[in-house]
Amino acid sequence: MDIPVDLPVALRWLFAALALLQLLAVVAVLRRMRHLPDPTARAVARWDHLEAVGFLAVPVGLLLGSGVLGLGGFVLACVAGSVKGVRFLRGRRSKRPGATA
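What follows is the structure in structure tokens.
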């Protein structure tokens, strides 16, 4: 089951540029993750990597005419962003003065 997506040529070039930018973001996150000695910081970088890969799949899916790939990438990016947000809020709550664990 595939959702066909038909885009004009100009939009295909726009999505190709966006995919290239997202690919650069994925490479930057991988480089940062490789040089982190702390396991906690590496776990945060893994969520960043999942989010970047998800946002890379969106324009690639539209470029290839596959709506399923684009939608799956968007869902992956949203899930990774939500997990990162929950982890951030939990960290802020635990560092607050007078907070009970």
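Mapped onto this note's numbering, the consecutive letters of the sequence shown carry residue numbers 178 to 278. Idealized CB from N, CA, C, for every residue including glycine.
query: Nearest residue (CA-CA) to Phe232, options Ala220, Ala187, Leu201 and Arg264; result: Leu201
query: Pro185: first and last residue of the uninterrupted alpha helix (DSSP H) it sits in; result: Element bounds for Pro185: n/a, residue is neither H nor E.
query: Span separating the alpha-carbon of Arg209 from that of Ala234; result: 21 Å
query: Pair within 8 Å by beta-carbon distance, Ala196 and Val237; result: yes
query: Inter-residue spacing [alpha-carbon to alpha-carbon] between Phe251 and Pro274; result: 37 Å
query: Pairwise C-alpha distance: Arg264 and Ala218; result: 12 Å
query: Leu253 versus Arg267 - alpha carbon distance; result: 21 Å
query: Cutoff 8 Å; reference His226; Cβ partners in own chain excluding five residues on either side; result: Val203, Val206, Leu207 and Met210
query: Closest residue to Ser259 among Trp224, Arg269 and Val186 (Cα-Cα distance); result: Trp224
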